[in-house]
Amino acid sequence: MSQVPHRFVFAAPRRAANRLLLPVILAFVLTALLLGGCALARRGPDRLDEIRQSWRAGFSVPAAELEAMPFYSITVQVDPANRVYTGSLDLDFPLSSTLPLAELWFRTYPNLLAFGGNLEVTGARVNGKTVPYAPDGSRTSLQLAVADPLQPGERVNVSLDYRGRFERISEPGEYTIFGINEDTTSLTGFYPILAARRGEEWVLDVPHPQGDVGFHDAAAYRVNLKFPSDQVIVATGSEVTRTVGTDGWTTARYAIGPAREFTALLSPRFQILELESLGTRIRSYAMPETLDAARSALYSAQAALQIYSDQFGQYPYREMAVAQAPLTFKGMEFPSVSLIGSQVYSLYLKDLENLVVHEIAHQWWYNQVGSDQVRNPWLDEGLAEYSMYEYYAGRDGAAIADDLRQQPEAAQRRPTDRARGVGLQERLRDGCVR
Ligand SMILES: [Zn+2]
Numbered sequence: 000m001s002q003v004p005h006r007f008v009f010a011a012p013r014r015a016a017n018r019l020l021l022p023v024i025l026a027f028v029l030t031a032l033l034l035g036g037c038a039l040a041r042r043g044p045d046r047l048d049e050i051r052q053s054w055r056a057g058f059s060v061p062a063a064e065l066e067a068m069p070f071y072s073i074t075v076q077v078d079p080a081n082r083v084y085t086g087s088l089d090l091d092f093p094l095s096s097t098l099p100l101a102e103l104w105f106r107t108y109p110n111l112l113a114f115g116g117n118l119e120v121t122g123a124r125v126n127g128k129t130v131p132y133a134p135d136g137s138r139t140s141l142q143l144a145v146a147d148p149l150q151p152g153e154r155v156n157v158s159l160d161y162r163g164r165f166e167r168i169s170e171p172g173e174y175t176i177f178g179i180n181e182d183t184t185s186l187t188g189f190y191p192i193l194a195a196r197r198g199e200e201w202v203l204d205v206p207h208p209q210g211d212v213g214f215h216d217a218a219a220y221r222v223n224l225k226f227p228s229d230q231v232i233v234a235t236g237s238e239v240t241r242t243v244g245t246d247g248w249t250t251a252r253y254a255i256g257p258a259r260e261f262t263a264l265l266s267p268r269f270q271i272l273e274l275e276s277l278g279t280r281i282r283s284y285a286m287p288e289t290l291d292a293a294r295s296a297l298y299s300a301q302a303a304l305q306i307y308s309d310q311f312g313q314y315p316y317r318e319m320a321v322a323q324a325p326l327t328f329k330g331m332e333f334p335s336v337s338l339i340g341s342q343v344y345s346l347y348l349k350d351l352e353n354l355v356v357h358e359i360a361h362q363w364w365y366n367q368v369g370s371d372q373v374r375n376p377w378l379d380e381g382l383a384e385y386s387m388y389e390y391y392a393g394r395d396g397a398a399i400a401d402d403l404r405q406q407p408e409a410a411q412r413r414p415t416d417r418a419r420g421v422g423l424q425e426r427l428r429d430g431c432v433r
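Residue numbers for the sequence shown follow our numbering, beginning at 0 and rising by one.
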């Protein structure tokens, strides 16, 4: 009803004004292209807005800092049934070297023996030009050779095509940080990631099989994941779009930044418990048979979020996830996602709270405050362990925290556990089960 007069009113003046507006518009477009170069068109106007959607209310990064970060745009299609994935990556970043560089290095962690996978780059372009590339001896690093040396401070664009395979057939109970096991597909480090720099050197260390795999500059990530619609996905950051196709595949886009890396986990059996706290949505993912443990993990995460935010500074993201993963009795941290070994949800239930609050502490000591986790794991691990003391002191008081510090096994018989168990049932009404 309102469309007809709108068309009528605006159609005629627009034609009359076009003669005047056209030179102005052309001048504006040319100026924008000169100032922004092709980068403006390549990045798209909305990509930083999507990154901002990953922030909780009250958190912000100055626009200039956000613009200056490396920006990953990744697409990937994951096919667990055929144990393969394919994708492409577009990265632009400021060259941090003080000298011109004729080579760039990327890490390809699935080729680690411990990962039992395979990641193969099938095409590479730097600033739009096709370049040769070759892996190093360990196949965990890939060198791109650039004919025209890149200049310090230059914003470089790299496009890569890749395909990967989940090669190792793991048994339930085996540590599987990458691959398929226990009805779960783990995508740790599935994409080529720009190697960090240590002074004027590329960081190409081969990590310990069951430790942290690497450290990376904080970056912005926008990732399009396509996966079978029967899978429940856990991923770094916020889901900004989702399309469920009639062909049985779902495509979801995730955004996050600043963040050290991107990860995702898929399982058709995941159930989700969730609640809101301090402007962050906390989700706990677990198998149906371990939902009680998932509920405990949810409330430990909530308490850790509150206590660490008070002690160390605000948590940046809209989302926080704690997920059961095929990591035996161990845990692993990723930006906004903490993975907890499946055995901790059953065999080692007494360790669940400690592990959850340790991994969540890494949201501060690893993700927000970065350090070399491969060469100096004592640094972020020491701070994460110390954070557990702050957690118990904040929740139960310094006397109990001191007692636990002296005799950690006392954590199993804390009187507060029983009292808190009653509270859990009551507070669950605030959350919902999916
Ligand atoms: Zn740790």
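Yeah, the Cβ is synthetic: ideal placement off N, Cα and C, and Gly gets one too.
With a threshold of 16 other CB atoms inside 10 Å of the CB of Trp-104, please say whether the residue is buried or exposed.
Buried, since its Cβ has 16 or more Cβ neighbours within 10 Å.
Give the single residue among Gly-172, Pro-227 and Leu-98 whose Cα lies nearest to the Cα of Ser-345.
Ranking the options by Cα distance to Ser-345, first place goes to Gly-172.
Using DSSP bridges, identify the partner residues of Phe-105.
Leu-141 and Leu-193, per the DSSP bridge assignment.
Indicate the three-state DSSP secondary structure (helix, strand or coil) for Glu-352 in the structure shown.
Helix.
At which residues does the alpha helix (DSSP H) containing Phe-311 begin and terminate?
290-311 is the span of the alpha helix (DSSP H), which, as asked, contains Phe-311.
Determine, for Leu-186, whether the minimum Cβ-Cβ distance to residues of chain C falls below 9 Å.
Judged by its chain identifiers, the structure shown contains no chain C, having just a single protein chain.
For ligand 1, I want to know if Asp-379 counts as a neighbour, meaning its beta carbon is within less than 8 Å of at least one of the ligand's heavy atoms.
Yes, the Cβ of Asp-379 comes within 8 Å of a heavy atom of ligand 1.
Is the separation between the beta-carbon of Gly-236 and that of Ile-255 shorter than 9 Å?
Result yes, Cβ atoms of Gly-236 and Ile-255 sit closer than 9 Å.
Residues in its own chain within less than 7 Å of Ile-192 by CB, not counting five upstream and five downstream?
Excluding sequence neighbours, Ile-192 sits near Phe-105, Arg-106, His-215 and Glu-260.
So, for Thr-240: in the same chain, excluding its five sequence neighbours on each side, which residues have a beta-carbon less than 6 Å away from its beta-carbon?
The residues are Arg-252.
Please state whether the Cβ-Cβ distance between Val-157 and Phe-92 is less than 9 Å.
Cβ distance < 9 Å, so Val-157 and Phe-92 count as in contact.
Any chance the CB of Gly-330 is under 8 Å from a heavy atom of ligand 1?
Checking the Cβ of Gly-330 against ligand 1 gives yes.
Using DSSP's beta-bridge definition, name the partner residues of Leu-224.
Per DSSP, Val-75 and Ala-251.
Would you list the residues sitting across from Asp-160 in a DSSP beta bridge?
Beta-bridge pairing links Asp-160 to Ser-87 and Gly-122.
Out of Gly-127, Pro-206, Arg-46 and Ala-296, which has the shortest C-alpha to C-alpha gap to Leu-111?
Of the candidates Gly-127, Pro-206, Arg-46 and Ala-296, the one whose C-alpha sits nearest the C-alpha of Leu-111 is Pro-206.
Just tell me which of Val-75, Lys-225 and Val-233 has its CA closest to the CA of Val-243.
For Val-243, the nearest C-alpha among the options comes from Lys-225.
Out of curiosity, what's the CA-to-CA distance linking Pro-109 and Val-212?
Near 10 Å, if we compare the C-alpha coordinates of Val-212 and Pro-109.
Three or more C-beta pairs closer than 8 Å, one from the segment 362-373 and one from the segment 311-318: is that the case here?
Yes: at least three Cβ pairs fall under 8 Å.
When you compare only the Cα positions, how much space is there between Val-231 and Phe-269?
Distance between the alpha carbons of Val-231 and Phe-269: 6 Å.
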